[in-house]
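Input: a single structure, listed below in structure tokens.
Protein chains: 2
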Amino acid sequence: MDSQENNSDTPADAAVPLRQTQRAQPVTLRQVAEAAGVSTATVSLVVNKKKAARISDETRKRVRDAIRDLGYRPNAMAQTLVSGSSRFIGLVADAIATTPFAGQIIHGAQDEAWKHGYALLIANTEGNRELETDAIAMMLEYKVRGILYSTWFHRATEIPNSLRESDFVLVNCFSTEPGARAVVPDETQGGRSATEVLLKHGHRRIAFINATIPAPAKDGRLRGYREALEAEGIPFDESLVLEAYPDQEGGYGATEELLKRNVTAVYCYNDRMAMGLYDGLREHGLSIPDDMAVVGFDNQEVIAAHLRPPLSTVSLPHYELGAAGVRTLLGLEEPQASGPAKINCPTVERDSVRVLAPA
Amino acid sequence: MDSQENNSDTPADAAVPLRQTQRAQPVTLRQVAEAAGVSTATVSLVVNKKKAARISDETRKRVRDAIRDLGYRPNAMAQTLVSGSSRFIGLVADAIATTPFAGQIIHGAQDEAWKHGYALLIANTEGNRELETDAIAMMLEYKVRGILYSTWFHRATEIPNSLRESDFVLVNCFSTEPGARAVVPDETQGGRSATEVLLKHGHRRIAFINATIPAPAKDGRLRGYREALEAEGIPFDESLVLEAYPDQEGGYGATEELLKRNVTAVYCYNDRMAMGLYDGLREHGLSIPDDMAVVGFDNQEVIAAHLRPPLSTVSLPHYELGAAGVRTLLGLEEPQASGPAKINCPTVERDSVRVLAPA
């Protein structure tokens, strides 16, 4: 248990003389030419993939072998100047820092970009307009193939003017301007799926704790809840819809009101609310799922899978939003007839819902 | 409550004909030259800041005014070819996706990079070596000023060979190679600070639930716990150190063992364990902080501030790690005499610790 010997977080404390990091010397075009026994012009033609140039297959192969053996790196900047656009896709994000969600948009966008030979140039603006303008300007200077403009929560947005100088796709946001391409989560389908998890376990009196804050998610998730009930022939009862601030404290604070509604199940606007509601229900001596079935929304990392019991929920498809944004930018998705493309929110079933026992 | 009218997530559903996004035509060098009444060569000299060129101040001003008025964007790629290195700093990350932490490293690195006129080129490798090699190659081709090589948890790492072709700094990881610059969190100080929160509230019998997984954090946080106790003249008692898997289920599962130790306070290896322990203690009818004071580690987003009661903890300084990485790369930090630079983990006090009532 004593770790004093195993001093593993100060491994370089030994009395070794300090040297600056050594930088290997980059391999030059000339060295490749010498190794291949050709002129530098020939190497340049091979590197820039000038098919028309009269170079024999045998010579091409010799140059390519030398490039590989020496680890020569052609200058991407020079190639960009020749081709007119770079192998970059820009991604402007308004909040990488303040939410665990944005990371998945980046992840999906990057995986998809790499698949098509592009690298992602990311700028985190924290919603600062000046920084945003600078970031887009920088991307334009580097001749990006296009720009993904993303927001950390699903909302309407103004299109910044500088964005119009490039191809762009809105990700997790949308504009009312016709023709502005956008990908957003399908909130209505998500709300329907969340409610269906409860319905299929036999629940009929289902409350919905919605958010107080206006947002497409608030409207869409409520619409989905109504649609799912109506599909089962259950009339919509406005008194079963509560509202609370969409975090743990909001969910906890809604407990008393919820318990007055005489329901067997509740669908929460997000997982953070469900986490707070868990605490509130426990304080009333109620157990989940036996006394109350609970469904969340978001499938939020570090929360949903780790509550007691683990929470059934609906996933916000951030990874897929990033990937679909790149495909849309590159023209690999069928264009939508109208409005933003809507990405499916998949159901994730865990242990917070059980078949309703007969009363 | 009825949102059918307020159809805000399908704003473009109206019958507007679809057009492709319109792209504004970029302003050319020639247009700037015409507007300023000078040759394109003169514009080029002004853009590339050739001080020696014999151009009058008045002409320079006319060119700059035309650039501003027309919104001309000089080609950063061409400027890079002239200067030999770009205004990019590369950031290689092994897991943007699977942890909410990496986002803060990116945020800190980007803020600091922008401050010094650099943009961040980010690659997310998910620990895939091939992808990592490709990502570093891409950064080298774009002539980055240097590369930050970061890991999502603090650990020892091998330096990839391709990384040696550039200046680099290891962030949240380190190498035993002499001279390899690195910035890591000060785990020992963090462990000391966490324990001191409990000591200063009068606790003397303090348990530590450490992680089962070997890591610099495991060793350093234990060392800090010992140091804090010893500074108060409390002998180290090995039986008060438990081990569990570092997540909610691990913390929950440690409850029984903890309660056998007859302690008034516990410091958990991370906030996720503390979250699980909260559930375990509640099931035993115990209240926090009255029956048991609890301190965590990480100050993890969406958890620490939102437990009931909110959790006192120690912050992992991810933002500062990213920022310090950039400063180190640019030579703006005093070099360490030996070993990686250690970044302070600040204490965050909330409501899970109260002054110990006399027995």
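So the protein sequences, as listed, match chains R and A.
Residue numbers for the first sequence follow my numbering, so the first one is 58 and each next one is one higher.
Residue numbers for the second sequence follow my numbering, so the first one is 58 and each next one is one higher.
Glycine included, each C-beta is placed from N, C-alpha and C at the ideal position.
Please read these numbers as outputs of a predicted model, since none were measured by experiment.
**Report entry** Test: A:I266 CB closer than 8 Å to a CB of chain R
**Finding:** no
Query raised in the report: By a C-beta neighbour count over all protein chains shown, 10 Å radius and 16 as the cutoff for buried, is A:K317 buried or exposed?
Result: exposed
**Report entry** Three-state secondary structure (DSSP) of R:Y324
**Finding:** Here R:Y324 sits in strand by DSSP.
**Report entry** Where the alpha helix (DSSP H) containing R:A274 begins and where it ends
**Finding:** P273 to A288
Query raised in the report: DSSP on R:V84, reduced to helix/strand/coil?
Result: coil
Query raised in the report: Comparing the C-beta of A:M330 with each C-beta of chain R, is any distance below 8 Å?
Result: no
Query raised in the report: What is the rounded straight-line gap between the Cα of A:G174 and the Cα of R:E306?
Result: Distance from the CA of A:G174 to the CA of R:E306, rounded to the nearest whole angstrom, comes to 41 Å.
**Report entry** chain A within 8 Å of R:A311, Cβ atoms only
**Finding:** no
Report task. Output the distance between the C-alpha atoms of R:S96 and R:K106, rounded to the nearest integer angstrom. Result -> 16 Å
**Report entry** According to DSSP, residues forming a beta bridge with A:R212
**Finding:** A:C230
Query raised in the report: With a Cβ-Cβ cutoff of 8 Å, do A:N218 and A:R262 count as a contact?
Result: no
Query raised in the report: With 16 other CB atoms within 10 Å as the buried threshold, where does R:N185 fall?
Result: exposed
Query - Residues near R:A93 in its chain [Cβ-Cβ closer than 6 Å; skip 5 each side] - result: R119, V120 and A123
Query raised in the report: What is the rounded straight-line gap between the Cα of R:Q88 and the Cα of R:A98?
Result: Approximately 13 Å between the Cα atoms of the pair.
Report task. Have a look at A:E340, A:G388 and A:G333 and flag the residue whose alpha-carbon is nearest the alpha-carbon of A:A361. Result -> A:G333
Query raised in the report: If we ignore side chains and look at the alpha-carbon of each, how far apart do R:D348 and A:M349 end up?
Result: 28 Å
**Report entry** Host beta strand (DSSP E) of R:G147 (start-end)
**Finding:** F145 to A150
Query raised in the report: Does A:I270 come within less than 8 Å of chain R when only Cβ atoms are used?
Result: It does not; no Cβ of chain R falls within 8 Å.
Report task. Answer yes or no: do A:G248 and A:R278 have a C-beta to C-beta separation smaller than 8 Å? Result -> yes
Query raised in the report: Around the Cβ of A:R202, are there at least 16 other Cβ atoms within 10 angstroms (buried) or fewer (exposed)?
Result: buried
Query raised in the report: In its own chain, which residues sit with a C-beta less than 6 Å from the C-beta of R:E284, not counting the 5 before and 5 after it?
Result: R249
**Report entry** Opposing strand residues paired with A:P242 [DSSP bridges]
**Finding:** A:I400
Query raised in the report: What residues are listed by DSSP as bridge partners for R:F225?
Result: R:I204
Query raised in the report: Near A:P366, what residues of its chain come up, given a Cβ to Cβ distance below 8 Å and the 5 sequence neighbours on each side ignored?
Result: I345, P346, R407, D408 and S409
**Report entry** Per-residue contacts from A:E314 into chain R (C-beta, under 7 Å)
**Finding:** What A:E314 touches in chain R: nothing, since even the nearest Cβ is about 14 Å away.
Requested in this report: Consider the Cβ of A:P131: report whether some Cβ of chain R lies at a distance smaller than 8 Å.
Outcome: yes
Query raised in the report: Of all Cβ atoms in chain R, is any one closer than 8 Å to the Cβ of A:G382?
Result: Interface residue (Cβ-Cβ distance to chain R less than 8 Å): A:G382 is not classified as such.
Query raised in the report: Roughly how many whole angstroms lie between the Cα atoms of A:L256 and A:R384?
Result: 36 Å
Query raised in the report: CA-CA distance, A:P415 and A:A322?
Result: Each residue's Cα considered, the two are about 14 Å apart.
Query raised in the report: Around the Cβ of A:H341, are there at least 16 other Cβ atoms within 10 angstroms (buried) or fewer (exposed)?
Result: By the neighbour-count criterion, in which a residue is buried when 16 or more other Cβ atoms sit within 10 angstroms of its Cβ, A:H341 is exposed.
Query raised in the report: Rounded to a whole number of angstroms, what is the C-alpha to C-alpha distance between R:T214 and R:I204?
Result: 15 Å
Report task. Give me the Cα-Cα distance between R:R111 and A:K200, rounded to the nearest whole angstrom. Result -> Distance between the alpha carbons of R:R111 and A:K200: 30 Å.
Query - Closer than 7 Å at the beta carbon, the chain A residues around R:M195 - result: Going along chain A in sequence order, the residues near R:M195 (Cβ under 7 Å) are A176.
Requested in this report: Compare the C-beta of A:R121 with all C-beta atoms of chain R and state if any pair is closer than 8 Å.
Outcome: no
Query raised in the report: Using a C-beta cutoff of 8 Å, does A:I291 count as contacting chain R?
Result: No, A:I291 lies away from the interface with chain R (no Cβ there is under 8 Å from its Cβ).
Query - Through-space distance from A:E244 to A:C402, alpha-carbon basis - result: Taking the straight line joining both Cα atoms gives about 7 Å.
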